[in-house]
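Data block below; observations after.
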Amino acid sequence: MAKTKKVVQLMPTDIKEELLKKYPPKVARKRAQQIMINEATESEAPPEILANVRTIPGIITMRGCTYAGCKGVIMGPTRDIVNITHGPIGCGFYSWLTRRNQTDAGTDGENYMPYCFSTDMQDQDIIFGGEKKLAAAIQEAYDLFHPKGICIFATCPVGLIGDDIHAVAKKMKAKFGDCNVFAFSCEGYKGVSQSAGHHIANNQVFSHLVGENETPKEGKYKINLLGEYNIGGDGFEIDRILKKCGITNISTFSGNSTYDQFASAQHADLNTVMCHRSINYVADMLETKYGIPWIKVNFIGAKSTAKSLRKIAEYFADQELIDRVEAVIAEEMPDVDAVAADVRQRTEGKTAMLFVGGSRAHHYQDLFAEMGMKTLSAGYEFAHRDDYEGREVLPNLTVDADSRNIEEIEVEADEKLYSPRKTEAEYKALEEAGFKFKHYEGMNDQMDKGTLVIDDLNQYEADKLVELLKPDIFCAGIKEKFSIQKLGIPMKQLHSYDSGGPYAGFKGAINFYKEIDRLVSSKVWSYMKAPWQESPELTATFVWE
Amino acid sequence: MALLRHTPTEIKERKALTINPAKTCQPIGAMYAALGIHGCLPHSHGSQGCCAYHRSTLTRHYKEPISAATSSFTEGASVFGGQANLIQAINNIFTVYEPEAIAVHTTCLSETIGDDLNQIFDKAQKTGKVPEGKTCLGAPTPSYVGSHVTGFSNMVKAMAQLAEPTGKKNHKVNVIPGWVEPADMGEIKRLAQMVGVDITLFPDTDGVLNAPLTGEYKMFPEGGVTIKELKGCGDAMGTLALGEWCSADAARWLDAKCKVPCTVLDMPFGLAATDRFIDVLRTVAGVTVPDSVAFERGQLVDMISDMHQYFYGKRVAIWGDPDQLISMCEFLVSLDMQPVYVVTGTPGKKFEARIKEICADKPFEVKVKAKGDMFLMHQWIKNEPVDLLIGNTYGKYIARDEDIPLLRWGFPILDRQGHQYFPTVGYKGGLRLLEKILTLLLDRKDRDDPETRFELVL
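These protein sequence lines map, in sequence, to chains A and B.
Each residue of the first sequence is one higher than the one before, starting from 1 at the first, in the UniProt record's numbering.
Each residue of the second sequence is one higher than the one before, starting from 1 at the first, in the UniProt record's numbering.
In structure tokens, the structure reads:
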């Protein structure tokens with residue numbers, strides 16, 4: 001089945017109908033609004049997609065929870081902070097080293113990422129309250145390690161029984177004096193997906209950490225990299241390229257990040273945003289409070305990397321940097337082109353589907369395009385409408401019961417530290433030359449007309465899509481991997497990768513080309529049927545012959 | 001520099017902070033057990049992160065699709081109760097996925113707000129959300145009690161509670177294998193068949209979580225114990241519960257409620273535990289053990305005698321689940337190895353006493369802790385090293401830091417494959433364990449010996 005293509009071309013509307021057919025009517029009505037036939041940019045008023053809404057109970061979702069977004073995604077890749085999960089053991093256990101965030105402990109050697117810390121709440125803690133145990137756990141962690149910071153993460157039951165984790169954190173911080181302790185109300189049930197957890201994490205980091213270190217940082221072109229988590233070493237490759245260009249990365253939020261990086265983020269002169277979903281609001285807050293403007297970048301794909309580097313150089317408007325960036329691109333691209341040319345012979349015209357987290361379903365389409373592969377269908381696990389339709393829809397987003405309980409923090413210009421990075425005239429000149437600040441066009445813009453954009457795809461629809469459209473490769477997370485592969489279609493994980501990486505930057509692009517080539521060219525998928533199943537006719541001979 | 005560089009040698013008692021746990025939470029065990037029922041979709045009653053985490057971990061361990069649904073609680077359900085979510089979920093699941101059964105387990109969230117599964121099932125039944133002939137079963141699995149082992153046990157008990165005794169014996173024996181690999185369940189079935197006993201094995205993930213790749217995806221593969229078989233387990237001649245922690249509750253329930261006499265045994269890892277399993281199985285069923293079984297046993301004894309020289313006196317640190325640790329420690333001691341550090345995160349008073357009993361009067365002193373963690377075990381190792389580590393993948397950090405070979409065994413194994421296909425129970429499984437241990441020890445010797453001592457023949 002794997003390699004037999006459908007002869008009849010299915011219309012997008014037929015596919016949508018097919019996906020919805022089996023649902024009870026109420027479910028079908030809701031899902032219909034989350035499945036969109038893309039009109040690209042041709043339409044004056046493209047259709048809206050329903051996003052960031054509750055998952056339907058009983059429908060096997062790809063999503064995780066708020067705790068997973070907060071502790072797992074955002075704070076997980078920070079190395080010198082002791083992260084204590086306040087709750088029963090499971091949440092801490094499952095977020096222990098499972099996202100392949102790589103780290104370089106550097107010369108100071110501080111690295112708590114291989115550790116899992118938990119208050120391991122028992123039934124008596126649920127009945128009598130867990131605050132005392134939490135305070136004792138923080139004390140024990142402090143006595144054992146004397147870290148710069150201790151962070152506390154609330155799990156579902158903590159919110160229900162009403163433990164005041166923030167008060168405990170405040171008390172312990174005052175007691176220690178030399179260790180920053182703060183907490184996250186990231187109970188799993190808050191919000192509708194991981195996205196709420198990203199927001200809670202970023203807000204707390206911004207409130208309790210950013211701006212703490214006032215010692216200036218050296219560097220001619222200083223940037224922050226926001227929304228990069230160093231999965232499989234992506235952040236290392238981006239840092240390598242930036243360094244080669246002479247660009248100083250003050251802080252990465254939050255791949256291979258340190259306490260001091262967050263504390264010094266206000267010293268950068270430009271914020272570059274990778275994953276728009278997980279962190280765009282931090283970029284806005286950094287601009288309002290300190291005067292650092294932000295741009296959207298993408299280091300997934302060699303061409304995207306080159307484009308992003310040029311954009312950074314254009315912002316700093318210094319010929320020396322512009323020349324250096326061009327020289328780096330010229331030096332890096334031949335290797336990339338050589339591998340791309342080789343791989344393209346086998347990947348050209350093949351098709352992909354991508355259903356990944358906040359921006360990956362978008363970014364990785366660039367890499368597939370570089371291999372001549374077409375994306376048939378894509379969508380996000382925990383996006384909001386702006387991630388699909390672009391930031392211009394931001395004023396029209398509705399706030400519902402589930403999004404309302406995620407704190408929005410009010411930020412004002414810092415009296416002491418606010419300083420505009422460029423003059424009004426300089427900003428204007430850049431914009432007139434076509435430079436776009438605070439701009440994100442969303443995923444739909446990039447995708448072809450007639451492709452299917454699907455929010456919060458579930459297992460049933462994923463399997464159905466694969467059966468109907470038979471892509472050459474499907475990209476999602478570990479939970480989806482093996483049901484897709486049972487259908488004879490290779491599946492590449494793009495949350496936490498399978499075993500490969502990095503896939504960012506120039507060297508990452510080479511890795512990705514080779515990996516996709518391996519997957520779509522593998523003979524494994526032709527072994528599904530035994531010879532006697534392929535041609536079951538029997539031949540016989542007469543016994544007397 | 002060491003990966004776990006912040007772990008000090010000095011051991012201080014911790015009362016509140018668990019570091020690097022040797023256990024996880026109840027629902028994942030319930031989910032794994034439910035996958036061993038044919039045509040059953042596990043369902044997690046709580047917020048969706050639990051289900052996502054459990055599916056991810058089981059997928060990473062078994063390298064197979066793990067389908068499970070969730071009640072997807074948001075704040076509203078947490079305040080008003082999860083009944084509406086679960087009833088809606090039951091309706092959606094039976095409509096979209098068409099399973100034979102839904103096995104619901106609770107989470108710390110739904111337990112804390114006090115949702116009552118049986119009452120919700122009743123309501124779902126009365127409002128027509130459960131189609132004719134389909135089954136809902138459920139187990140309370142609060143994450144703040146016990147461990148993943150407890151959750152497994154609770155779901156297995158819920159399976160036993162489906163029993164509908166007819167008063168007429170069906171000449172079968174119930175075997176409750178406990179939390180072992182799909183291949184182990186397959187091996188238990190093979191052994192029973194060799195002995196000539198018709199068994200009902202539950203749960204049975206053989207064929208479900210080691211299913212073939214054929215180009216077709218079946219949410220409900222061929223394997224698993226059927227609901228019909230479970231209904232019949234009240235008519236069995238007896239029940240063999242393999243493992244006090246994983247299996248005894250279900251067996252005792254059947255004994256008390258359905259008058260099916262039960263025997264609680266150790267999990268059949270190693271020679272002696274396998275011997276006891278076979279011996280009790282033949283006694284309960286009233287059959288004679290064929291020579292073919294004794295032949296396999298003899299092969300294991302042969303390998304033990306051949307390898308004894310390499311195992312003698314070797315110090316081992318081992319962590320994991322109580323039932324598995326007990327049998328493995330007994331096996332190690334029988335090889336004259338020394339399980340000097342034994343840690344489980346799963347609570348249970350009998351554990352420490354049992355391990356001490358196994359290691360009593362032996363030429364070493366055992367340090368054992370239930371409700372322990374891997375941080376403590378690492379500290380013990382730092383103070384006095386061992387020759388071999390046996391446990392799950394999380395031990396690889398200790399293995400690298402302390403330069404000690406690691407036998408990956410237990411749950412979860414996230415960085416090696418094959419465990420779902422190759423059994424470690426029974427005599428055949430014993431052969432595999434011995435082979436793996438010897439390879440680790442001799443590879444280490446070949447790597448470390450000076451040139452003068454590097455020899456072709458070992």
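Glycine included, C-beta positions come from ideal geometry on N, C-alpha and C.
Keep in mind the model is a prediction, meaning the values are calculated, not measured.
For PRO131(B), decide whether its Cβ has a neighbour in chain A, counting only Cβ atoms nearer than 7 Å. Position 131 of the second sequence, counted from the first residue, corresponds to residue 131(B). It does not: the Cβ of PRO131(B) has no partner Cβ on chain A nearer than 7 Å.
Residue from HIS419(B), GLY234(B), HIS378(B) whose Cα sits closest to the Cα of LYS259(B): Here residue 259(B) refers to the residue found at position 259 when the second sequence is read from its first residue. When only C-alpha atoms are compared, the closest one is GLY234(B).
Look at TYR229(A) and LEU321(A) and say whether their C-beta atoms are less than 7 Å apart. What you label residue 229(A) is simply residue 229 of the first sequence in a count that begins at 1. What you label residue 321(A) is simply residue 321 of the first sequence in a count that begins at 1. Cβ distance not < 7 Å, so TYR229(A) and LEU321(A) don't count as in contact.
Test: SER118(A) CB closer than 7 Å to a CB of chain B: Translated into the one-based positions of the first sequence, residue 118(A) becomes position 118. So, interface residue.
Leaving out the 5 sequence neighbours to the left and right, which residues in its chain are closer than 7 Å to LEU201(B) when beta-carbon positions are compared? What you label residue 201(B) is simply residue 201 of the second sequence in a count that begins at 1. Contacts found: VAL175, PRO177, MET185, ILE188, LYS189, VAL225.
Do LEU270(A) and ILE241(A) count as a contact pair if the criterion is CB distance below 7 Å? For the purposes of this step, residue 241(A) is taken as residue 241 along the first sequence, with counting starting at 1. For the purposes of this step, residue 270(A) is taken as residue 270 along the first sequence, with counting starting at 1. No. Outside cutoff.
Are the C-beta of VAL192(A) and some C-beta of chain B separated by less than 7 Å? Taking the first residue of the first sequence as position 1, residue 192(A) is located at position 192. Yes, VAL192(A) counts as interfacial toward chain B.
Identity of the residue in ILE279(A), VAL273(A), MET285(A) nearest GLN266(A) by Cα: Working through the first sequence from its first residue, we reach residue 266(A) at position 266. Nearest option by C-alpha distance: MET285(A).
Please compile the residues from chain B whose C-beta is within a distance smaller than 7 Å of the C-beta of ALA141(A). Position 141 of the first sequence holds residue 141(A). Per Cβ cutoff of 7 Å: LEU17.
Note down, in chain order, each residue of its chain lying with its Cβ closer than 6 Å to the Cβ of LYS3(A), except the 5 sequence neighbours on either side. Position 3 of the first sequence, counting from 1, holds the residue named residue 3(A). Per-residue confidence for LYS3(A) stands at a pLDDT of 47, beneath the threshold of 50, marking its modelled position as unreliable; no derived number is given.
Nearest-angstrom Cα distance between PRO57(A) and THR70(B)? On the first sequence, residue 57(A) is found 57 positions in, with the first residue counted as 1. On the second sequence, residue 70(B) is found 70 positions in, with the first residue counted as 1. Roughly 6 Å between the two C-alpha positions.
Nearest chain A C-beta to MET1(B) closer than 7 Å, yes or no? Working through the second sequence from its first residue, we reach residue 1(B) at position 1. Closer than 7 Å to some Cβ of chain A, the Cβ of MET1(B) qualifies, so yes.
On the DSSP letters alone, give me the boundaries of the alpha helix (DSSP H) that GLN124(A) sits inside. Position 124 of the first sequence, counted from the first residue, corresponds to residue 124(A). Where GLN124(A) is concerned, the enclosing alpha helix (DSSP H) stretches over 123–128.
For HIS105(B), is the classification buried or exposed, using 16 other Cβ atoms within 10 angstroms of its Cβ as the cut-off for buried? Position 105 of the second sequence, counted from the start, is the residue given in the question as residue 105(B). It is buried - the Cβ of HIS105(B) has at least 16 other Cβ atoms within 10 Å.
Below-7 Å beta-carbon distance, ARG408(B) vs any chain A residue: Locating residue 408(B) in the second sequence gives position 408, where the first residue counts as 1. So, not an interface residue.
Residues that TYR380(A) bridges to, as DSSP identifies them: The sequence position of residue 380(A) within the first sequence is 380, counting from 1. VAL356(A).
Using the Cβ count rule (16 or more neighbours within 10 Å means buried), how would you classify ALA174(A)? The residue given as residue 174(A) occupies position 174 in the first sequence. Exposed is the label assigned to ALA174(A), since fewer than 16 other Cβ atoms lie within 10 Å of its Cβ.
Span of the beta strand (DSSP E), counted from its first residue to its last, around PRO42(B): For the purposes of this step, residue 42(B) is taken as residue 42 along the second sequence, with counting starting at 1. 40–45 is the extent of the beta strand (DSSP E) around PRO42(B).
For PHE506(A) versus ALA302(A), is the C-beta spacing smaller than 7 Å? In the first sequence, the residue the question calls residue 506(A) occupies position 506. In the first sequence, the residue the question calls residue 302(A) occupies position 302. Yes.
Against chain A, does ILE120(B) count as a neighbour if the rule is that its beta carbon must be under 7 Å from one of theirs? Translated into positions along the second sequence, residue 120(B) becomes position 120. With 7 Å as the cut-off, ILE120(B) does not count as an interface residue toward chain A.
Where does TYR527(A) land, buried or exposed, given buried means 16+ other C-beta within 10 angstroms? Here the question's residue 527(A) lines up with position 527 in the first sequence. Flag for TYR527(A) reads exposed.
Quick test of your reading: GLY219(A) and THR248(A), contact by CB under 8 Å. State the CB separation rounded to the nearest angstrom. Taking the first residue of the first sequence as 1, we reach residue 219(A) at position 219. Taking the first residue of the first sequence as 1, we reach residue 248(A) at position 248. Yes, GLY219(A) and THR248(A) are in contact; Cβ-Cβ is about 3 Å, under 8 Å.
Endpoints, the alpha helix (DSSP H) within which TYR341(B) is located: Numbered from its first residue, the second sequence carries residue 341(B) at position 341. Run containing TYR341(B): none in the alpha helix (DSSP H); it sits in the beta strand (DSSP E), 338–343.
Within 7 Å (strictly less), CB to CB, does CYS70(A) reach chain B? Residue numbering aside, residue 70(A) sits at position 70 when the first sequence is read from its first letter. It does not; no Cβ of chain B falls within 7 Å.
Kindly list, in the order they appear in chain A, the residues whose Cβ is closer than 8 Å to that of ARG416(B). Position 416 of the second sequence, counted from the start, is the residue given in the question as residue 416(B). Those do not exist, as ARG416(B) stays about 12 Å from chain A at its closest Cβ, beyond 8 Å.
What does PRO21(B) pair with, by DSSP beta-bridge criteria? As a position in the second sequence, residue 21(B) is number 21, starting the count at 1. Answer is ASP373(B), bridged to PRO21(B).
Tell me whether the beta-carbon of ALA137(A) lies closer than 7 Å to the beta-carbon of ALA22(B). Taking the first sequence and counting its residues from 1, the one referred to as residue 137(A) is at position 137. Taking the second sequence and counting its residues from 1, the one referred to as residue 22(B) is at position 22. Contact flag unset, no.
In terms of DSSP beta bridges, what is HIS86(A) paired with? Along the first sequence, one-based indexing puts residue 86(A) at 86. Note: HIS86(A) is bridge-paired with ALA154(A) in the DSSP secondary-structure output.
C-beta atoms of ILE489(A) and VAL520(A) nearer than 7 Å: Here residue 489(A) refers to the residue found at position 489 when the first sequence is read from its first residue. Here residue 520(A) refers to the residue found at position 520 when the first sequence is read from its first residue. No. Outside cutoff.
Would you kindly report the start and end of the unbroken alpha helix (DSSP H) that includes GLU164(B)? For the purposes of this step, residue 164(B) is taken as the residue at position 164 of the second sequence. Counting along the chain, GLU164(B) falls outside any alpha helix (DSSP H), and DSSP gives it neither H nor E.
Cβ-Cβ separation, ALA30(B) to ALA101(B) (assumed contact under 8 Å), whole Å: As a first step, residue 101(B) must be located in the second sequence, where it is residue number 101. As a first step, residue 30(B) must be located in the second sequence, where it is residue number 30. The pair is not a contact, with the Cβ atoms about 14 Å apart (cut-off 8 Å).
Since GLY238(B) sits in a beta bridge, which residues does DSSP pair it with? The residue labelled residue 238(B) in the question sits at position 238 within the second sequence. Bridge partners of GLY238(B): VAL173(B).
Name the two residues that bound the continuous alpha helix (DSSP H) containing GLY505(A). The residue you call residue 505(A) lines up with position 505 of the first sequence. Element bounds for GLY505(A): 505–521.
Would the C-beta of LYS479(A) count as close to the ligand MN, meaning under 6 Å from any of its heavy atoms? In the structure on display, the ligand MN does not appear, and there are no ligands present to speak of.
Relative to the C-alpha of PRO347(B), which residue among LEU230(B), MET328(B), THR239(B), SER147(B) is closest? In the second sequence, the residue the question calls residue 347(B) occupies position 347. Per the Cα distances, SER147(B).
In whole angstroms, what is the alpha-carbon distance linking LEU433(B) and THR424(B)? For the purposes of this step, residue 433(B) is identified with residue 433 of the second sequence, where counting begins at 1. For the purposes of this step, residue 424(B) is identified with residue 424 of the second sequence, where counting begins at 1. When rounded, the distance between both Cα atoms is 6 Å.
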